[in-house]
Structures are given as C-alpha cells and as structure tokens.
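Heads up: take any position in the sequence shown, counting from 1, add 4, and you land on the numbering used here.
Reading through the structure tokens given below for one structure.
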Amino acid sequence: MVVMDAGESRFQLRAGGLIRSNGHILIHRAVGDPFWVLPGGRVEFHEAGAETLAREIEEEIGCTAVVGPLRFVIENFFELAGRRVHEVGFYYEAELARPLPFHETDIVHRVRDGSADLEFRWAFPNKAVLDQFDLKPLPLRSLIETMPAGVQHLVRRNAVS
Numbered sequence: 005m006v007v008m009d010a011g012e013s014r015f016q017l018r019a020g021g022l023i024r025s026n027g028h029i030l031i032h033r034a035v036g037d038p039f040w041v042l043p044g045g046r047v048e049f050h051e052a053g054a055e056t057l058a059r060e061i062e063e064e065i066g067c068t069a070v071v072g073p074l075r076f077v078i079e080n081f082f083e084l085a086g087r088r089v090h091e092v093g094f095y096y097e098a099e100l101a102r103p104l105p106f107h108e109t110d111i112v113h114r115v116r117d118g119s120a121d122l123e124f125r126w127a128f129p130n131k132a133v134l135d136q137f138d139l140k141p142l143p144l145r146s147l148i149e150t151m152p153a154g155v156q157h158l159v160r161r162n163a164v165s
C-alpha cells in the first residue's frame, strides 16, 4: 500500500468509485466506523488508481467492474484513531458487471475485508439524504448532486485536534 507514517501523521493514496443504481450511489463503511466512504481502497505500489478500484471492487463486492473516467482528485486532511491523516484520493465512475441488490434503506452487501467487516448501502445523492451519513471526504455530497464535467481537484480540511 502507498502509506507513509511519520510519528503521529500518515500519508495514504486511495482510489474510490462512484457506483450508481436507481438514482442512488453506493457507500460503505467498516462496521462501527462513524463515517461512510465511497467504495475503494488504498493504492498498491506500481498500481494505477483505476486498477486499484477494479481490484478493490472484485475483493469487496465479488464481481468485476468497468472503471470509467476520473471525476475527482481530493486531498483530504482528517484525524483517525489519534493519527493526523493526509489522504490523496482518485475517484472514478464505475459500473458493476453484476448489480448489487437495491434497497433504499437497508444494508445490501456485507463482506469481511482483512480484519474489518464492511457493510454497503445505497444513498440518494442529495443533501437531505446524505446529511444523514458522515461521508468522508465531504464535499462529495454537493459534487455528486451536480456531477461537474471534467476532473475536479478539491482540498478538504477537517478540524484536527
């Protein structure tokens, strides 16, 4: 994984996917985590971001995916488990080869990923619904609603204690 730790700080490189169904977007979290993220994971050395996303989808969802265009590059600064994290994420459009079940309010997929149990659900990409979820990194909510043309670069800084 492209991860570098220096004292209480961490840098990591991540790839995530914008996967849609019935006007909703797929989000997931490790059970017990307070935040939800777009599906994906950390980039491995010598692996392109789109390759990472395809690998993570196959590992976590159990099917192949067509990874589409890059939509966002987000530099995200946050604190997690007492560590200050600087994350650079590449976020791509993606389409699953086999659709996941669809339900507006329930968990639609669960999987064990290493030592973490992940749960996936669909969320309607508007402010009223996504405000229920602590999505990392925000402001993806507003970007997903408007889906700008081309690649967008954003910097997001959470308050770090």
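Every residue gets a Cβ at the ideal spot worked out from N, C-alpha and C, and that includes glycine.
Owing to the predicted nature of the structure, the values given are computational and were not obtained by experimental measurement.
Whole-angstrom distance between residue j and residue i, CA atom to CA atom
i: residue 30; j: residue 107; result: 11 Å
i: residue 89; j: residue 17; result: 11 Å
i: residue 159; j: residue 36; result: 26 Å
i: residue 164; j: residue 82; result: Confidence in residue 164 is poor, its pLDDT being 47 and thus under 50, which makes the residue's placement too unreliable to answer from.
i: residue 142; j: residue 92; result: Because the pLDDT at residue 142 is just 49, under 50, the model does not fix this residue reliably, and the value given afterwards should be weighed accordingly. Answer to the nearest angstrom: the Cα atoms are 13 Å apart.
i: residue 48; j: residue 104; result: 26 Å
i: residue 54; j: residue 6; result: 15 Å
i: residue 46; j: residue 162; result: 20 Å
i: residue 44; j: residue 52; result: 13 Å
i: residue 121; j: residue 153; result: 35 Å
i: residue 50; j: residue 59; result: 13 Å
DSSP bridge partner residues for residue i (one or two, in chain order)
i: residue 5; result: Answer by DSSP bridge pairing: none, since residue 5 is not bridged.
i: residue 80; result: 91, 160
i: residue 86; result: BP columns for residue 86 are empty, so no partner.
i: residue 45; result: 19
Which listed residue (the options) has its alpha carbon closest to that of residue i
i: residue 156; options: 118, 77, 64; result: 77
i: residue 61; options: 127, 101, 39, 14; result: 101
i: residue 119; options: 34, 45, 14; result: 34
i: residue 39; options: 15, 125, 58; result: 125
i: residue 97; options: 44, 63, 75, 41; result: 75
i: residue 94; options: 41, 26, 25; result: 41
i: residue 11; options: 25, 86, 50; result: 86
i: residue 14; options: 111, 63, 80; result: 80
i: residue 25; options: 116, 9, 112, 64; result: 112
i: residue 115; options: 32, 99, 9, 128; result: 32
i: residue 117; options: 127, 64, 73; result: 64
i: residue 99; options: 109, 127, 84, 73; result: 73
(request) Answer yes if the stretch 21-37 comes into contact with the stretch 59-71, meaning at least three C-beta pairs across the two stretches below 8 Å, and no otherwise. (result) With three or more CB-CB distances shorter than 8 Å, the stretch 59-71 counts as touching the stretch 21-37.
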